[in-house]
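Engineer: FYI, the numbering for the sequence shown is 1 to 314, going by the numbering used here.
Have a look at this one before I ask anything.
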Amino acid sequence: MTLLSAIADGWPALRAHFGDQLLTRLSEDSLFNHDNGMTWNYLALVADRQQLLSRELAQAVADQPRLLDNDGVLAWYASTHRGNDNLTDILISRLDDGTNARTLASMLLADPRDLGLAPDAVQERLRSLFRPDRLWYLPYQSGALEALSDGFPEDDLVRKFWGMIADARKHGEPAGMYPRTYYPLAYAAVPTEGLLDLLALDTRRMAAWGDTYFDTQFSRSIIRRLRRDASARAEIAAFILAPETADAPASCFASLTAAAFPVSDELAGNLTTRLTQQLLPPAPDITHDYVSGSDIPVPVLLLQILHSGIGANP
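As structure tokens, this is what we get:
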């Protein structure tokens with residue numbers, strides 16, 4: 001970002017010196033991987049620092065709409081075209097289901113007010129992507145369902161698809177859904193009284209995988225639920241405060257809670273007591289922190305939570 005900021009700040013001088021060759025020269029640098037689209041993808045991160053750069057990026061997007069396939073450019077476009085009539089169409093058209101990474105378009109559509117878009121209209125557009133003849137089948141991977149789950153957790157389609165998963169599990173069958181889509185759906189729709197059981201199930205499964213790839217999507221979905229649902233926060237707080245809860249799972253769940261909401265005085269007192277206990281043995285416990293996606297000593301994680309005050313955005 002230091003390099004990109006310097007390029008943005010010096011854009012008029014660089015353009016005056018290199019003229020039409022500027023983009024080509026930047027694209028030939030290893031940072032930009034010999035691709036003009038990738039060059040704009042990086043420059044979009046700092047385009048708002050310099051008016052000339054911003055105008056040239058806007059012209060480049062007008063000339064080459066495919067530049068919006070780059071997340072950096074798409075994020076810039078969404079921020080500079082709030083409330084634009086075609087913004088919903090642009091985002092809907094980029095709800096790609098073909099990769100294992102959560103699409104930026106689905107995350108943006110989950111917060112339509114931030115984009116100056118009418119939530120009801122966005123919800124209806126997302127619902128329209130589910131063909132009536134397919135509503136009896138779970139979508140294995142769906143950017144539309146991810147956005148609908150995040151942004152409109154009370155939608156009847158969200159509840160319907162979660163009910164299908166819950167019913168399958170009652171009969172010993174797997175969820176049958178890719179994790180990228182499963183986590184937003186599950187933590188949007190699971191009833192509060194089933195939240196802890198679901199967390200236990202999913203964390204056991206992820207531990208068995210031995211892979212942290214989906215940690216961010218997992219934690220993001222839980223944090224969104226905790227931010228809007230006081231009863232869910234109370235459920236997890238009760239688990240942490242319970243005397244029988246070990247320090248490692250307590251600190252793991254406390255990290256998720258702290259990332260979503262300010263830690264209460266009662267919870268902070270409990271975590272402080274646990275920290276004191278963890279400092280006594282010659283070797284502390286280790287836990288997995290899904291917020292940072294890393295294995296971490298319990299005392300270190302507890303210190304981070306207690307010093308964080310309020311949670312950071314996921």
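We put the beta carbon where it would ideally sit given N, CA and C, even for glycine.
#1: Using a 10 Å radius around the Cβ and a threshold of 16 neighbouring Cβ atoms, would you call residue 146 buried or exposed?
#2: Indicate whether residue 103 and residue 72 have their beta-carbon atoms separated by less than 7 angstroms.
#3: Could you pull the start and end residues of the alpha helix (DSSP H) that residue 264 belongs to?
#4: In the structure shown, what three-state DSSP assignment does residue 320 receive?
#5: Using a 10 Å radius around the Cβ and a threshold of 16 neighbouring Cβ atoms, would you call residue 223 buried or exposed?
#6: Spatial neighbours of residue 233 within its chain, please: CB distance less than 8 angstroms, with the 5 preceding and 5 following residues excluded, ordered by chain position.
#7: Using CA coordinates, which residue listed in 75, 84 and 267 is at the minimum distance from residue 107?
#8: Taking Cβ to Cβ, would you say residue 284 is nearer than 7 angstroms to residue 299?
#9: Got a sec? Which residues, its chain only, sit under 8 angstroms from residue 268 by beta carbon, not counting five neighbours each side?
#10: Could you tell me the alpha carbon to alpha carbon distance between residue 109 and residue 64, rounded to whole angstroms?
#11: My output table needs one value for residue 17: the three-state DSSP class, helix, strand or coil.
#12: Do you know how far the Cα of residue 25 is from the Cα of residue 175?
#13: If residue 217 sits next to residue 247, beta carbons under 8 angstroms apart, how far is it from one beta carbon to the other, in whole angstroms?
#14: Per DSSP, which one or two residues make a beta bridge with residue 103?
#15: Thinking C-beta only, is residue 88 closer than 7 angstroms to residue 68?
#16: Comparing alpha-carbon positions, which option in 163, 1 and 245 lies nearest residue 200?
#17: Identify whether residue 79 lies in helix, strand or coil by the three-state DSSP scheme.
#18: Return the CA-CA distance between residue 315 and residue 62, expressed in angstroms with no decimal places.
#19: Please say whether residue 197 and residue 290 have beta carbons closer to each other than 7 angstroms?
Structural biologist: In short, the structure shows the following:
#1: buried
#2: no
#3: For residue 264, no alpha helix (DSSP H) encloses it, and the DSSP letter there is neither H nor E.
#4: Nothing in the structure corresponds to residue 320, since the chain is present only between 1 and 314.
#5: By the neighbour-count definition (other C-beta atoms within 10 Å, threshold 16), residue 223 is a buried residue.
#6: 226, 257, 260 and 261
#7: 75
#8: yes
#9: Correct list, in chain order: 306.
#10: Cα to Cα, the separation comes out at about 23 angstroms.
#11: helix
#12: Looking at the two C-alpha atoms, the distance is approximately 49 angstroms.
#13: About 26 angstroms; that fails the 8 angstroms criterion.
#14: Partner(s): none; residue 103 has no beta bridge.
#15: no
#16: Ranking 163, 1 and 245 by Cα distance to residue 200 puts 245 first.
#17: helix
#18: Lying outside 1 to 314, the shown extent of the chain, residue 315 is not represented and no answer is given.
#19: no
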